[in-house]
Amino acid sequence: MAGITLQLQDAIATIAINLPQPKNSFRVENVQALGAQLDAALEDGARCVVLRGAGAVFSAGWDIGSIDPAADDPMAMIGQVVGPLCQRLRALPVPTIAAVAGPALGFGFGLALCCDMVLAEEDALFGSPFRHIGMVPDTGAHHILLSRTGFALASELIYTGRLVNGTEAAALRLVNRAVPQGALTEEAQKLAQGIASGPTEAFRLSKEVLLEGGDFDSMLAHEARQLQKVFATDDLKEGIAAFQQRRRPVFAGR
Numbered sequence: 001m002a003g004i005t006l007q008l009q010d011a012i013a014t015i016a017i018n019l020p021q022p023k024n025s026f027r028v029e030n031v032q033a034l035g036a037q038l039d040a041a042l043e044d045g046a047r048c049v050v051l052r053g054a055g056a057v058f059s060a061g062w063d064i065g066s067i068d069p070a071a072d073d074p075m076a077m078i079g080q081v082v083g084p085l086c087q088r089l090r091a092l093p094v095p096t097i098a099a100v101a102g103p104a105l106g107f108g109f110g111l112a113l114c115c116d117m118v119l120a121e122e123d124a125l126f127g128s129p130f131r132h133i134g135m136v137p138d139t140g141a142h143h144i145l146l147s148r149t150g151f152a153l154a155s156e157l158i159y160t161g162r163l164v165n166g167t168e169a170a171a172l173r174l175v176n177r178a179v180p181q182g183a184l185t186e187e188a189q190k191l192a193q194g195i196a197s198g199p200t201e202a203f204r205l206s207k208e209v210l211l212e213g214g215d216f217d218s219m220l221a222h223e224a225r226q227l228q229k230v231f232a233t234d235d236l237k238e239g240i241a242a243f244q245q246r247r248r249p250v251f252a253g254r
């Protein structure tokens, strides 16, 4: 089925990008649909979200052909939907995994990097080729590239539009790891299963600390506040009981 689809199994929400535009290129309505599926995943009780492309393509970015440069402020609508979606995905209260096969370029590149973790096939293709149409990157890509790779490499990728495959992306720490072609679905599922069966509320609290960032002292103080909250969770009680009883914990995600 074409569109942005959602499948939930064992508390893992798999959101697939399957758009009618070439190479899963996005339009405004597709961004809105993705946001709606993220909300639906949480409402359905997802404890981990996997974002992937249907078939052999993640997303080649924005459908440039849908932009009318003669219109008044043609990027206004894009800005109104892209920013909020990226903020929503970045701050989603459950862990997120991008599983990337094929090209993840421009908007597609930024979308993948907004996820907490990225797995990529070795021959996947990443890049920010905005320079070729005279644009600057969107999706918060400046911040994410800078934090992951440093100023020099972020500058190179933006200024040159150079594309890197999954293997190089892993070496540059753009993605968590590269996997052989054909192994992506299995590896993403394995990672998601381990996360979805974990202490979801503890993960949410840790994610808040990581996203807020700061210096050592401020993050230490934030950790202390989160520790107070986690002591009220059922999962911590289960974890301690399981440790004392020498058994595997069964976390309920609360």
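So in my numbering, spot 33 of the sequence shown is number 33, and the numbers just go up one at a time. Note that CB positions come from ideal geometry on N, CA and C, so glycine has one too.
Nearest neighbour of residue i, chosen from the options [CA to CA]
i	options	result
Val209	Lys229, Lys190 and Gly198	Lys229
Thr185	Leu119, Arg204 and Asn30	Leu119
Thr233	Pro129, Glu122, Glu201 and Asp123	Glu201
Gly106	Glu121, Ala241 and Gly161	Gly161
Leu42	Ser59, Arg88 and Leu205	Arg88
Gly127	Ala91, Glu121 and Asn165	Asn165
Pro20	Glu29, Ala40, Gln181 and Ile97	Glu29
Gly35	Ala16, Pro22 and Leu157	Ala16
Leu146	Ala60, Ala56, Gln245 and Arg173	Arg173
Gly83	Ala11, Ala13, Leu111 and Phe231	Leu111
Cys86	Glu156, Pro137 and Thr149	Pro137
Ser66	Gly79, Gln9, Leu38 and Phe26	Phe26
Arg52	Asp217, Gly108, Thr167 and Gly150	Gly108
Glu187	Leu8, Glu122, Gly79 and Ala40	Glu122
Val50	Leu38, Val31, Ala13 and Asp39	Ala13
Rounded C-alpha distance that separates residue i from residue j
i	j	result
Ala33	Phe243	43 angstroms
Ala2	Asn18	5 angstroms
Ile64	Ile133	9 angstroms
Ala143	Ser206	In the sequence under discussion, the amino acid at residue 143 is His, which differs from the Ala named in the question. Approximately 20 angstroms, taken between the alpha carbons.
Ala152	Tyr159	10 angstroms
Val100	Ala154	20 angstroms
Gly140	Ala241	42 angstroms
Arg254	Arg204	10 angstroms
Val81	Ala224	35 angstroms
Trp62	Phe130	10 angstroms
Gly182	Ala91	30 angstroms
Ile97	Lys190	11 angstroms
Asp217	Arg248	34 angstroms
Gln37	Asp10	17 angstroms
Leu227	Ala221	10 angstroms
Ala46	Cys115	15 angstroms
Limits of the alpha helix (DSSP H) - the one that residue i falls within
i	result
Asn30	Val28 to Glu43
Val209	Thr200 to Glu212
Arg148	Ala141 to Thr149
Same chain, Cβ closer than 8 angstroms to residue i, five either side skipped, listed in chain order
i	result
Phe251	Ser197, Gly198, Pro199, Thr200, Asp235, Glu238 and Gly239
Ala170	Ala120, Asn176, Arg177 and Ala178
Ala54	Thr5, Ala16, Ile17, Asn18 and Asn24
Gly213	Met219
One or two residues paired with residue i in a DSSP bridge
i	result
Thr160	Paired residue(s): none; Thr160 is not in a bridge.
Thr14	Gln7 and Val50
Arg247	Per DSSP, none; premise fails for Arg247.
Extent of the continuous beta strand (DSSP E) run through residue i
i	result
Val230	Not the beta strand (DSSP E): Val230 falls in the alpha helix (DSSP H), residues Phe216 to Val230.
Phe243	Unbroken run through Phe243 is the alpha helix (DSSP H), Asp234 to Gln244; no beta strand (DSSP E).
Gly127	Leu125 to Gly127
Gln9	Gly3 to Gln9
Close-in-space but distant-in-sequence residues of the same chain around residue i (CB under 7 angstroms, 5 per side omitted)
i	result
Pro103	Lys23, Val57, Phe58, Ala60 and Leu125
Neighbourhood of residue i by C-beta distance below 6 angstroms, restricted to the same chain and skipping five residues each side
i	result
Ile195	Cys48 and Pro95
Leu113	Ile144
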